[in-house]
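Below is one structure, written out as structure tokens; the observations come after it.
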Amino acid sequence: MTVSVSALVLAALLQISVPLQAMHPVRGVWTEVEAAGWKGGEVVLEGLGGRVTAVVDGRGVPHVFAEDERDAFRVLGYLHARERLWQMDVQRRLASGRLSEVLGEAAFNNDLLMRVIGLHRSARNTVSWLERNSPEVYSLLLAYTEGVNAAIEELRSTGRLPMTFKLLNYEPEPWRAEDSIVWAKYMAWTLTGFWYPLLLTYLAIKLGPEDVAELYPVRHYYSGNVTVVPGDGSVGGESLDVDPELLMGLDWHSEWATGIDLNDRELADRLASLIERVAEFARIAPSELGSNNWVVGPSRSATGGPILADDPHLPLNLPSLWYEVHLVTREYNVRGVTLPGVPFVIIGFNEHVAWGLTNSQIGVTDFYLETVEGDRYLFRGEWRPLQRVEEVIRVRGQGERRVVVNLTVHGPLFSYGGLHVSLKWTGNSGFNDDGSGVTREAVAAHKLMRARGYRDLLEALRYWDVPSQNWAFVDRDGNYGIIVPGLFPYRVVRLPDGREVRVIGSRSVLDGKGDHEWAGFVPYERVPKTVNPERGYAAAPNQLTVGPRYPYFVLAGWYDPGARAQRIHWLLESKTTHSIEDFVRYQCDVVLWFARAATPRLVSSVERFGDLDDRERRALDELRRWDYSMSRDSVAPTVFWAWFSALYDEAFRRPFSERGVKWRLYPPESTLVYLINERPESKWFGGDLSVAARRALRAAVDRLSDALGSDVGGWKWGTVHRLRIGHLSSLDALSIGPLPHDGSSGTLLNAGFPYDLKALRSRVYVTSGPSWRMVATFSNGRVSAFGVYPGGQSESPVSPHYSDFFGDWYGCRLYPLELPAKPDEVGNPAFTLTFSGSRA
Amino acid sequence: MRMGSFVGPLASLLVGYLTLFHLDAPWQLSALSVGVTAGLLCRRLAVAAASSLLGTLPFVTVLAFRISDAAGRRLLELIASISGLPSLAILGLLIVSFAGISVATSSIVGTVANVFSSRRRRAG
């Protein structure tokens, strides 16, 4: 071989082998096997005050026994990082706009959005506030952080960093306390960063306020009878002193309400263009997220004590959003799920009280049209300088990019075409509404873990700022209920008749010059709550919170359309008492209330047509025999879904497109069901539901035939409605599915899926749903609880605990969650880790 | 046999082991080191190539150990499905790359070393 040939061979081999860089047989991805084969032993954790024992059970759940709470948090940090380090790193990068440092250009747009929104700025301020005002919680955060960093150092020094670091060829930076807070902020943002005021402004410009009022009413149709808090909404004798019907009938897009004249077409068109731009930039899409919880009191419980069920519907990923843990210290014995990166049990129970959350959906974002001139803006009659924050985004392989974020008193600015809209969100305004973004959920979560009954729980939640949640609880004394803590900003709005009313949220962009400002937050004593309600139960699957007489008019309630609420109320009313098994069955119930409410009318509306073909007649037969269960082995759900989707298109595609609406911003299902049943002569149906439904049926059947063949018997719901639990990297090899799946967006077994026939020919999967199911009861003063999430405790794909819970989650089986007080009481122990502060 | 016939192969084996286990660097650098060692210590190119292959042994042995259990094979399958190649192709590519890099390097280094030493001899 000559030198030149050898050199060519060498160059080629070096190049070919670059992608195999991570396959170093000693330090490469193979160490994943050693790391996943964790078998216990002694761990030295600098800073520990005493010995800590962690018994890891057969499901990979650690039971941590520590005298001192700080020691428990330090060990929790270590455990989180040992099992979920890459997930934690990706999450903090996602939330703080630093993904493109490791993923390159593809992540730049997300980073830019996050830098504009500025969760990292709020997180930094929150940590500083905790250091000054809550040293105990701050010290716990620090202990947790040091535990995480001990694990990072151990994994790095032994060459055992998770394989995803090696595949992406980077190493994690040390953990900081603000990394924990920024992830909590991100969760809060995804749950309450509602863009609806912008979207409704856009629709009001394109369709006109009357159509918006009909299609997107202030309260969803059919929602009034199933509020979270029973009754008319009065609180402590105080109630709204203006007729709520009058308020709901007002045009909230008018200049009197917003300070902006949308009849000024030039302004309106520019504003619509800006909104289109922002929507594209922020990738605003209708949310399929939601959650269920409900409680029954002792009088309606087969266990003799109150029972709670909770299942938050969130994006389903591998590794899972949640990490199960059991912590025993001098102060408490608590068990439940934590968010890797955040050192608190978010949903769980201790010996005294159990709790579970759903999103309250009450609007806590407002958008302001700012008057900007150069580098200043007009507020309350004076020109103020824009606050300019320079953000440096490092893009892998491409160096640094510097962007300037402009902020007004309301928040970050989105500018386009000479218009400027700012975003004001409680998570960034902070509990003092000073723009610092300081919020106190960490204080609340810490107090919650120590709660010794529902009164302590209520006291702890005084500090729960964002995201506002429907907090269901049961305690050992038989109390049960739901409270809705959070920062609810209200404005004092002068109505056209001169009266003033306190209003929560907005349905339109507001003028930013100072006349539409937040006047305060609803006092904690006035937030919605129901404790031991007379009817014996309460439920909060994201529906309307309070009755119409609530002293603060909730203008921006971005509630679920209510099918799950209707169904759970029906189930809870259907029996006198309910058992744990009933509750698990209800969590996996797949009856779709919308289908029950709409199908008979739809079927009867097309029966008179004599030109139905065989497929259509068979499809209608399936619907006539149907029990409205969205079961994966049934044909009727497919027919209903396709027909309902086609009817959406039939009713709205042309008018929306003719009026320049760029996206498929169709109204909620409750509106379509209302139009079907109450307004069959509606203009949206061309004046005749029968004709529209007939056309939609033909379209649905044709599309189903194209996608699934003309044999109606083969149109099983599971062939269309498939679940995919994707790895955070999106790699198929590390993901679960696609698998046939029960349910739909509107069933208690939530399985988010759009009403869009395009799903038949593109790879659209169910990617969100019950991220954690828990049922808990107190019987004879003792807690019994059960839970499961779709994944496993470890992020390592070669670990036996990578996805070992999935099968039981898919089959709707829950694991018993015991609460042992001592290490030797842990059931099914796999191995024990002993933590000490220094080597013996 | 001369002493040099043992030194080259043994040194390559040792360098292969040491760089793989004790050098925090890409495995390609280990292969290059094996090739350089073999090229410098073995006068005949064929012996240098054989020494390089011997220096590949630690790499191949550790790989074999890695896939000897089920978790290791599962990992290999995962990497294979991520890359879109069969597992055996991944393994083959790894081994051929290591061996190829070390043999090619030994050839280049050996040829250059021979040129220098013959010039020195001529000059002497």
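Residue numbers (the numbering used here), protein chains in the order written: chain A, 277 to 1116; chain B, 616 to 739.
Built from N, CA and C at the ideal position, the CB exists for glycine as well.
Reference residue i, options the options, closest by Cα
i         : options                                    : result
A:Val640  : A:Leu1024, A:Phe797 and A:Val392           : A:Phe797
A:Gly507  : A:Leu820, A:Ala927 and A:Thr853            : A:Leu820
A:Ala721  : A:Ser596, A:Ala342 and A:Leu417            : A:Leu417
A:Ala976  : A:Leu1036, A:Ala1027 and A:Lys938          : A:Leu1036
A:Val681  : A:Gly334, A:Leu1007, A:Leu388 and A:Val328 : A:Leu388
A:Ser881  : A:Glu343, A:Ser966 and A:Thr875            : A:Ser966
A:Leu491  : A:Pro1016, A:Asp978 and A:Leu951           : A:Leu951
A:Tyr1091 : A:Lys1098, A:Gly1103 and A:Pro1099         : A:Gly1103
A:Leu321  : A:Gly336, A:Lys315 and A:Phe349            : A:Phe349
A:Val867  : A:Trp846, A:Ser855 and A:Glu454            : A:Trp846
A:Trp306  : A:Ser1072, A:Ile583 and A:Glu658           : A:Ser1072
A:Phe625  : A:Leu999, A:Leu1109 and A:Glu1094          : A:Glu1094
A:Arg861  : A:Val494, A:Leu375, A:Met1050 and A:Gly469 : A:Met1050
A:Leu395  : A:Pro688, A:Glu793 and A:Asn708            : A:Pro688
Chain A within 8 Å of residue i, Cβ atoms only
i        : result
B:Arg681 : yes
B:Arg734 : no
B:Thr720 : yes
B:Leu703 : no
B:Pro641 : yes
B:Phe621 : no
B:Ser648 : no
B:Ser712 : yes
B:Leu690 : yes
B:Gly631 : no
B:Thr634 : no
B:Ser767 : This structure does not reach residue 767 of chain B, given that chain B is present from 616 up to 739, and the question cannot be answered.
B:Ser666 : no
Contact with chain B by residue i, beta-carbon distance below 8 Å
i         : result
A:Leu290  : yes
A:Val1074 : yes
A:Gln363  : no
A:Glu308  : yes
A:Ser1011 : no
A:Ser881  : no
A:Ser282  : yes
A:Ser782  : no
A:Ser293  : yes
A:Ala1106 : no
Beta-ladder partner(s) of residue i, from DSSP
i         : result
A:Ile758  : A:Ala748 and A:Thr806
A:Asp1080 : None, per the DSSP bridge assignment.
A:Thr1053 : A:Ile583 and A:Ser1060
A:Asn569  : A:Asp586
A:Val613  : A:Glu600 and A:Ile623
Inter-residue CB distance, residue i and residue j (contact presumed, cutoff 8 Å)
i         : j         : result
A:Glu345  : A:Tyr599  : With a Cβ gap of about 19 Å, A:Glu345 and A:Tyr599 do not count as contacting.
A:Arg391  : A:Glu667  : 4 Å
A:Val750  : A:Phe1054 : 6 Å
A:Thr402  : A:Thr715  : 6 Å
A:Gly566  : A:Asn818  : 5 Å
A:Trp532  : A:Pro772  : 5 Å
A:Gly1028 : A:Ser1021 : 5 Å
Contact set between residue i and chain A, taken where Cβ atoms lie within less than 8 Å
i        : result
B:Phe731 : Those do not exist, as B:Phe731 stays about 13 Å from chain A at its closest Cβ, beyond 8 Å.
B:Leu693 : Ala1009, Leu1010, Pro1073 and Val1074
Contact list for residue i against chain A, beta-carbon separation under 7 Å
i        : result
B:Val677 : Pro301 and Val302
B:Gly687 : Trp306 and Val309
Interface partners of residue i on chain B, CB under 7 Å
i         : result
A:Val697  : What A:Val697 touches in chain B: nothing, since even the nearest Cβ is about 42 Å away.
A:Val285  : Gly715 and Ala719
A:Gly334  : Those within 7 Å of A:Gly334 in chain B number zero; the least Cβ separation is about 18 Å.
A:Ala312  : Ala686
A:Ser1033 : Residue identity differs from the one stated: residue 1033 of chain A is Leu in this sequence, not Ser. What A:Leu1033 touches in chain B: nothing, since even the nearest Cβ is about 32 Å away.
Where residue i meets chain B, residues with beta-carbon distance less than 8 Å
i         : result
A:Leu296  : Ile705, Leu708, Leu709 and Ser712
A:Leu1004 : Simply none; closest approach about 14 Å.
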